[in-house]
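Note sheet for the following structure.
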Amino acid sequence: MLSVQYDRVLYLLDDTLENRRLSDRYVDVREYPDGRTEIRANGRLIVSRAYDRLAAVDQGAIIEHKRLAHALEISQALQPQRDNRRIGVRRSGRKLVCLARRSSAKSRRRMLSK
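Per the numbering used here, the sequence shown starts with residue 169, numbered consecutively.
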């Protein structure tokens with residue numbers, strides 16, 4: 169699986185031969201005023217899914233999972249202490265360059281287990 173990290177969000181790219189050729193290459197990341205983020209390489213639009221690692225714990229999840237309630241309460245208490253701001257200032261139509269890279273097996277397992 170290939171991934172691009174931009175503004176504290178991990179974008180997962182489909183595992184295709186064309187996308188594998190982009191491994192360790194620079195790609196364009198474009199933000200639009202309506203909130204869309206596009207990833208392009210060599211003029212071609214790349215299909216991606218956003219995986220936000222700064223997601224918050226839902227109060228309903230704590231109630232539904234009684235065995236995990238304590239762990240979820242701890243993570244919910246720690247969330248206000250972390251820095252949830254995105255790194256860059258959001259500008260409309262901004263074109264940025266990020267490096268596409270192949271994610272390791274360990275990070276893929278970590279993403280799938282969540």
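Here a beta-carbon is modelled for each residue, glycine too, at the ideal position from N, C-alpha and C.
| Check | Outcome |
| --- | --- |
| Can you say whether V215 is buried or exposed, counting buried as having 16 or more other CB atoms within 10 angstroms of its CB? | exposed |
| How is the alpha helix (DSSP H) around L240 delimited, first residue to last? | A237 to L246 |
| Rounded to the nearest angstrom, what separates R235 and D220 at their Cα positions? | 25 Å |
| If you follow the alpha helix (DSSP H) that L170 is part of, which residue opens it and which one closes it? | Premise fails: L170 lies in the beta strand (DSSP E), L170 to Y174, not in any alpha helix (DSSP H). |
| On the DSSP letters alone, give me the boundaries of the alpha helix (DSSP H) that R188 sits inside. | L185 to R188 |
| Report yes if the C-beta of T205 is less than 7 Å from at least one heavy atom of the ligand FMN; otherwise report no. | Absence of the ligand FMN from the depicted structure is noted, as is the absence of any ligand whatsoever, leaving it without description. |
| Cα-Cα, which of D202, L190 and Y200 is closest to N123? | Since the first and last residues shown for the chain are 169 and 282, residue 123 lies out of range. |
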